[in-house]
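Residue numbers (my numbering): 22 to 142. Every residue, glycine too, gets a C-beta built ideally from N, C-alpha and C. None of these values were measured; they are calculated from a predicted model. Take a look at the structure below.
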Amino acid sequence: MVTPLHPNFAKASSLIFLTLLFGVYNLLFATPSHGMKRIGFIITGLVMLSLIAACAVGIRKGIVWVKYVYIAVAALGLIGTPVIIQNLSADPILGVVNLLQCLVQLWAAVLLLRAKNPQIQ
């Protein structure tokens, strides 16, 4: 018998998948900064998108330790907030996409923190 997944894990997983769409948009339309070449930017972006996709799948399956990996990755993403603010002035559309991505990832992390156990008791 399959144990039903906690609703917060399911919602967080869906939100994380949504942030992948924002990430793909960012990868396609953002310009590399800090002297990074385009190929390095694309490779780094694909690695991060793969990590986040793996987290979303693991969370959807109810694997508890993946929750903590995702929260750590989302926290590291918050460090990039000054870059998001710069993007708002340089490229408003990309800045809004980055801001939405950050907020949705933060909300997914909050949902995961609120769920103590991935299965419904």
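Nearest C-alpha to L26 among V45, M69, G79: G79.
Membership of M69 in the alpha helix (DSSP H) is indicated by the continuous run 59 to 81. In this structure, the alpha-carbon of M69 lies about 17 Å from that of T102.
A residue is called buried when at least 16 other Cβ atoms come within 10 angstroms of its Cβ; G44 meets this threshold and is buried. Per the Cβ contact rule, the stretch 60 to 69 is not in contact with the stretch 125 to 132 (fewer than 3 Cβ pairs under 8 Å).
Taking the Cβ atoms as the reference, I73 lies roughly 7 Å from T40, within the contact range of under 8 Å. Between C76 and I37, the CB-CB gap stays under 8 Å.
Judged by DSSP secondary structure, T40 falls within the alpha helix (DSSP H) whose first and last residues are 28 to 50.
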